[in-house]
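Chains as they are written, first to last, in the numbering used here: chain A, 1 to 348; chain B, 1001 to 1288. Each residue gets a CB set at the ideal place from its N, CA and C atoms; glycine is no exception. Notes to accompany the following structure.
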């Protein structure tokens, strides 16, 4: 990530593919496929949130679903109460960001080590899940919205054009809006990572002690990174809520957090394209396996997770990049170098 | 008077419960600095061992006290050989791998036994304190927690194996240099930790029934207890369980069980902000 965004061809490829899909897919594909794609887009935003804080901030959150669920519930409650969806969408970003900052304050200003961090984030999501599950009674309602406990919140409004509550988006338009959000977040994160702020976070990821000896406030930096990740996850949650027009405690479950981890691991930690690719690939695989109906999906997810850790710790994108690089250098060397220099290169 | 006694008993039971839940995890964490994310499923496996063996006519006490620890202990050793030993020095990867294992176990057990709760009859029945009815089984839990801590303490303090374990805990490199095969020590640790967890799971089975997803309900409590306790196995577990058990039980009395867990977490967060290495990271540093 040291090279600037403007000069990185991968950046243009990703944005190009994104724009192409955004404009061509609604014309080419039928409605059902578009709605499938919408799901991938929403979950990709979720995957990006974890991919950013893990890959570029060195913060491994085992409870990213807490933010996803918080965003989803914020959006659901706010939009049902307000009748509009524009401000709830903004709230679904802001409230998880604030929550992330508060939780981050406790964790990073306490200088918790990696293991402790993992456990605390996991437990936060778990307790959030438990609390939400217990809100089934009618006494648990915020304004007009009943939280519904394990039954979830039904009939969440569909997105509409800002300012005009009657102008609902049809599925194809919703797909395009979500795709635009994904592209904007991708670009924003790329520029954030390439900025001074982003470089400092990467420095902290590489060596925390050195970064703090150079005078950077490691704790504050980590809190900000964690809060941004929380906000993006919250936004993804809101998109999820309006896409399904329904939300239940499963969105906060451990399975949801684990899925995000598996996507990022599979795609590759330390890339932004990786989490997106990992998410689409594995969601598609889950869909295919779901139709087989012999094996339990949780067991498959767990098995994939173990195999990834043991066999492919770097993930798809970095591995592919490395292979491509090796191929490229081999290809370049062949014609214009004699045997002697090749030998010398080999000995390096 | 009776009411105070009942509440006091409930407090002690809550603490004993936390001690039982988290001892196995604390042994593994104290020695290896690894949190076994499949801890809840190891408990579940202990519970299922009791259900299956009592179903085949084995005496329930034998199933709880002997079979469950052995089965889960052996399972733990297998897991250590196949997975954990490849990930020493990669702490985060070991967390991810054990989490994968946890989901694999939930899915696997669901496929075999189905997703329904199997009950186990609570042994011993109840007794009355004044106007209140209290299950006698509570005393079994309290006694088991005390006995467990005493045994761990005695083993660590007075046996050769305990000496080796303490040495490895304090300085693995130096122990290795002195000829202690630390990899085998870690394997044994993981096995013993798993056996203790299996024992706890077996004791829980009559109170909660067993279901493949039961682990989720206990891991929050056990993880929090272990990390607030810090690296010392006995003092840490006891201090954290005492503190958090009374807080959550107090909260449960005031508002009901839902907020008990939330209070547990909040207390732990504040505590970790003040003592990032857990209670025994600052106070009682040299204790076991």
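Between which two residues does the beta strand (DSSP E) containing residue 1123 of chain B stretch? On the second chain, position 123 is the one that residue 1123 of chain B refers to. Note, residue 1123 of chain B: premise wrong, no beta strand (DSSP E); not H, not E.
Using a Cβ-Cβ distance under 8 Å, would residue 1273 of chain B count as near chain A? Position 273 of the second chain, counted from the start, is the residue given in the question as residue 1273 of chain B. Closer than 8 Å: yes.
Run through DSSP, which three-state label would residue 84 of chain A get? As a position in the first chain, residue 84 of chain A is number 84, starting the count at 1. Coil, per DSSP.
Taking the C-alpha atoms as reference points, what is the distance between residue 1224 of chain B and residue 20 of chain A? Here residue 1224 of chain B refers to the residue found at position 224 when the second chain is read from its first residue. Here residue 20 of chain A refers to the residue found at position 20 when the first chain is read from its first residue. Per the coordinates, the alpha-carbon of residue 1224 of chain B lies some 48 Å from the alpha-carbon of residue 20 of chain A.
For residue 1110 of chain B, which residues of its own chain have a beta-carbon under 7 Å away from its beta-carbon, when the five flanking residues on both sides are left out? As a first step, residue 1110 of chain B is located in the second chain; it is residue number 110 there, counting from the start. Excluding residues within five positions, the ones whose Cβ falls inside 7 Å are 1212.
Locate the alpha helix (DSSP H) running through residue 12 of chain A, then write down its first and last residues. Here residue 12 of chain A refers to the residue found at position 12 when the first chain is read from its first residue. 9-28 is the span of the alpha helix (DSSP H), which, as asked, contains residue 12 of chain A.
Segments of 4+ residues assigned as alpha helix (DSSP H) that fall wholly inside the region 1068-1122 of chain B: Residue ranges of uninterrupted alpha helix (DSSP H) with 4 or more members, entirely inside the region 1068-1122 of chain B and ordered along the chain, are 1068-1082, 1091-1113.
Could you tell me the alpha carbon to alpha carbon distance between residue 1168 of chain B and residue 1189 of chain B, rounded to whole angstroms? On the second chain, residue 1168 of chain B is found 168 positions in, with the first residue counted as 1. On the second chain, residue 1189 of chain B is found 189 positions in, with the first residue counted as 1. Straight across, the Cα-Cα distance linking residue 1168 of chain B with residue 1189 of chain B is about 11 Å.
Any residues in the region 1181-1210 of chain B with a beta carbon nearer than 8 Å to a beta carbon of chain A? Which ones, in chain order? The residues in question: there are none.
Inspect the beta-carbon positions of residue 1033 of chain B and residue 1091 of chain B and report whether they are closer than 8 Å. Residue 1033 of chain B sits at position 33 when you count from the first residue of the second chain. Residue 1091 of chain B sits at position 91 when you count from the first residue of the second chain. At a Cβ-Cβ threshold of 8 Å, residue 1033 of chain B and residue 1091 of chain B count as neighbours.
Considering Cα atoms alone, identify which of B:1056, B:1221, B:1080 is closest to residue 1260 of chain B. Indexing the second chain from 1 puts residue 1260 of chain B at position 260. Considering only B:1056, B:1221, B:1080, the residue with the shortest C-alpha distance to residue 1260 of chain B is B:1221.
Is residue 313 of chain A closer than 8 Å to residue 50 of chain A when the C-beta atoms are compared? For the purposes of this step, residue 50 of chain A is identified with residue 50 of the first chain, where counting begins at 1. For the purposes of this step, residue 313 of chain A is identified with residue 313 of the first chain, where counting begins at 1. Pairing residue 50 of chain A with residue 313 of chain A gives a Cβ-Cβ distance that is not under 8 Å.
Any idea what DSSP makes of residue 162 of chain A, helix, strand or coil? Here residue 162 of chain A corresponds to residue number 162 of the first chain, with the count starting at 1. Residue state for residue 162 of chain A is assigned as coil, using DSSP reduced to three classes.
If we cut at 8 Å on Cβ distances, does residue 1236 of chain B have a partner in chain A? Mapped onto the second chain, residue 1236 of chain B falls at position 236. Not an interface residue.
Contact test: residue 1108 of chain B Cβ vs the ligand ZN heavy atom, cutoff 7 Å: As for the ligand ZN, it is missing from this structure, which has no ligand bound.
Note the first and the last residue of the continuous beta strand (DSSP E) segment covering residue 119 of chain A. Start at 1 with the first residue of the first chain, and residue 119 of chain A comes out as number 119. In the DSSP assignment, residue 119 of chain A falls outside any beta strand (DSSP E) and lies within the alpha helix (DSSP H) extending over 114-133.
Would residue 210 of chain A be called buried (16 or more neighbouring beta carbons within 10 Å of its own) or exposed? Taking the first residue of the first chain as 1, we reach residue 210 of chain A at position 210. Exposed is the label assigned to residue 210 of chain A, since fewer than 16 other Cβ atoms lie within 10 Å of its Cβ.
Backbone CA spacing between residue 1162 of chain B and residue 1155 of chain B [nearest angstrom]: Your numbering for residue 1162 of chain B matches position 162 in the second chain. Your numbering for residue 1155 of chain B matches position 155 in the second chain. Using only the alpha carbons, I get a separation of about 5 Å.
Opening and closing residue of the beta strand (DSSP E) in which residue 1133 of chain B lies: Reading the second chain from its first residue, position 133 is the one you call residue 1133 of chain B. Its beta strand (DSSP E) spans residues 1132-1135.
List the residues of chain B whose Cβ lies closer than 7 Å to the Cβ of residue 69 of chain A, in chain order. On the first chain, residue 69 of chain A is found 69 positions in, with the first residue counted as 1. By Cβ distance, chain B contributes nothing, its closest Cβ being about 15 Å from residue 69 of chain A, past 7 Å.
Round the Cβ separation of residue 1084 of chain B and residue 1094 of chain B to the nearest angstrom and send it over; I've been treating them as touching at under 8 Å. Numbered from its first residue, the second chain carries residue 1084 of chain B at position 84. Numbered from its first residue, the second chain carries residue 1094 of chain B at position 94. Confirmed, about 6 Å.
Going along chain A, which residues have a C-beta under 9 Å from residue 1110 of chain B? Counting from 1 along the second chain, the entry for residue 1110 of chain B is found at position 110. Within 9 Å Cβ-Cβ: 296, 298, 299.
If you draw a straight line from the alpha carbon of residue 1275 of chain B to that of residue 1182 of chain B, how long is it in whole angstroms? Translated into positions along the second chain, residue 1275 of chain B becomes position 275. Translated into positions along the second chain, residue 1182 of chain B becomes position 182. Looking at the backbone, the Cα of residue 1275 of chain B and that of residue 1182 of chain B are separated by about 29 Å.
Whole angstroms are fine: how far does the CA of residue 79 of chain A sit from the CA of residue 163 of chain A? For the purposes of this step, residue 163 of chain A is taken as residue 163 along the first chain, with counting starting at 1. For the purposes of this step, residue 79 of chain A is taken as residue 79 along the first chain, with counting starting at 1. Going by C-alpha positions, residue 163 of chain A is about 13 Å away from residue 79 of chain A.
Assign residue 1170 of chain B to one of two classes, buried (16 or more other C-beta atoms within 10 Å of its C-beta) or exposed (fewer than that). Here residue 1170 of chain B corresponds to residue number 170 of the second chain, with the count starting at 1. By the neighbour-count criterion, in which a residue is buried when 16 or more other Cβ atoms sit within 10 angstroms of its Cβ, residue 1170 of chain B is exposed.
Would you please state the rounded distance, in angstroms, between the beta carbons of residue 76 of chain A and residue 232 of chain A? I believe it to be under 8 Å. By one-based count along the first chain, residue 76 of chain A stands at place 76. By one-based count along the first chain, residue 232 of chain A stands at place 232. Between residue 232 of chain A and residue 76 of chain A the Cβ distance is about 18 Å, and since that is not below 8 Å, they are no contact.
Closest to residue 115 of chain A by C-alpha separation, out of B:1137, B:1080, B:1230, B:1172, would be which residue? Position 115 of the first chain, counting from 1, holds the residue named residue 115 of chain A. Distances from the CA of residue 115 of chain A to each of B:1137, B:1080, B:1230, B:1172 were compared; the closest alpha carbon is that of B:1230.
Is residue 252 of chain A near residue 315 of chain A, with beta carbons less than 8 Å apart? The residue labelled residue 252 of chain A in the question sits at position 252 within the first chain. The residue labelled residue 315 of chain A in the question sits at position 315 within the first chain. With contacts defined as CB atoms closer than 8 Å, residue 252 of chain A and residue 315 of chain A fail to qualify as a contacting pair.
C-alpha distance - residue 1102 of chain B paired with residue 300 of chain A, whole-angstrom precision: Looking up residue 1102 of chain B in the second chain gives position 102. Looking up residue 300 of chain A in the first chain gives position 300. For residue 1102 of chain B and residue 300 of chain A, the distance between alpha carbons rounds to 11 Å.
So, are the CB atoms of residue 157 of chain A and residue 97 of chain A less than 8 Å apart? Residue 157 of chain A sits at position 157 when you count from the first residue of the first chain. Residue 97 of chain A sits at position 97 when you count from the first residue of the first chain. Result no, Cβ atoms of residue 157 of chain A and residue 97 of chain A do not sit closer than 8 Å.
Count the other CB atoms, across all protein chains shown, that sit within 10 Å of the CB of residue 103 of chain A; report buried if there are 16 or more and exposed otherwise. To locate residue 103 of chain A, count along the first chain from 1; it is residue 103. In summary, residue 103 of chain A is buried, with 16 or more beta-carbon neighbours lying within 10 Å of its beta-carbon over all protein chains present.
Can you find a CB in chain B that lies within less than 8 Å of the CB of residue 138 of chain A? Start at 1 with the first residue of the first chain, and residue 138 of chain A comes out as number 138. Output row for residue 138 of chain A: interface = no.
Does any residue of chain B bring its CB to less than 8 Å from the CB of residue 318 of chain A? Position 318 of the first chain, counting from 1, holds the residue named residue 318 of chain A. Cβ-Cβ to chain B under 8 Å: no for residue 318 of chain A.
Since residue 100 of chain A and residue 230 of chain A should fall inside the 8 Å C-beta cutoff, what is the C-beta to C-beta distance between them, to a whole number of angstroms? Numbered from 1 along the first chain, position 100 holds the residue referred to as residue 100 of chain A. Numbered from 1 along the first chain, position 230 holds the residue referred to as residue 230 of chain A. That belief holds up - the Cβ atoms of residue 100 of chain A and residue 230 of chain A are roughly 3 Å apart, short of 8 Å.
Under 8 Å between C-beta atoms, does residue 1158 of chain B make it to chain A? Residue 1158 of chain B sits at position 158 when you count from the first residue of the second chain. So no, residue 1158 of chain B is outside the interface.
If you check the beta carbons only, do residue 1244 of chain B and residue 1262 of chain B fall under 8 Å apart? On the second chain, residue 1244 of chain B is found 244 positions in, with the first residue counted as 1. On the second chain, residue 1262 of chain B is found 262 positions in, with the first residue counted as 1. In this structure, residue 1262 of chain B does not lie closer than 8 Å to residue 1244 of chain B by Cβ.
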